[in-house]
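Data block below; observations after.
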Amino acid sequence: MRRLAFLAVPVDDVTTPEALDWFAQAIARRSCAQVCTVNPEFVMAAQH
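Residues in the sequence shown are numbered consecutively from 869, following this note's numbering.
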């Protein structure tokens, strides 16, 4: 996974296959996980 800054917010930049692999690993571990999509309007609103 690559981490980049999106409007100064750290974001993991993943491909679809990487995301699917990550989901499969989380399911296999039976661990809690959270996935968020980046919406520029929400990021900007949260910064103000």
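The beta-carbon is built from N, C-alpha and C at its ideal position, and this holds for glycine as well.
From a predicted model like this one, the values you see are computed outputs, not experimental measurements.
- Per the coordinates, the alpha-carbon of residue 915 lies some 30 Å from the alpha-carbon of residue 894.
- For residue 879 and residue 871, the gap between their C-alpha atoms comes out near 5 Å.
- Judged by DSSP in its simplified three-state form, residue 901 adopts coil rather than helix or strand.
- In the DSSP assignment, residue 879 falls outside any alpha helix (DSSP H) and within the unbroken beta strand (DSSP E) covering 877 to 881.
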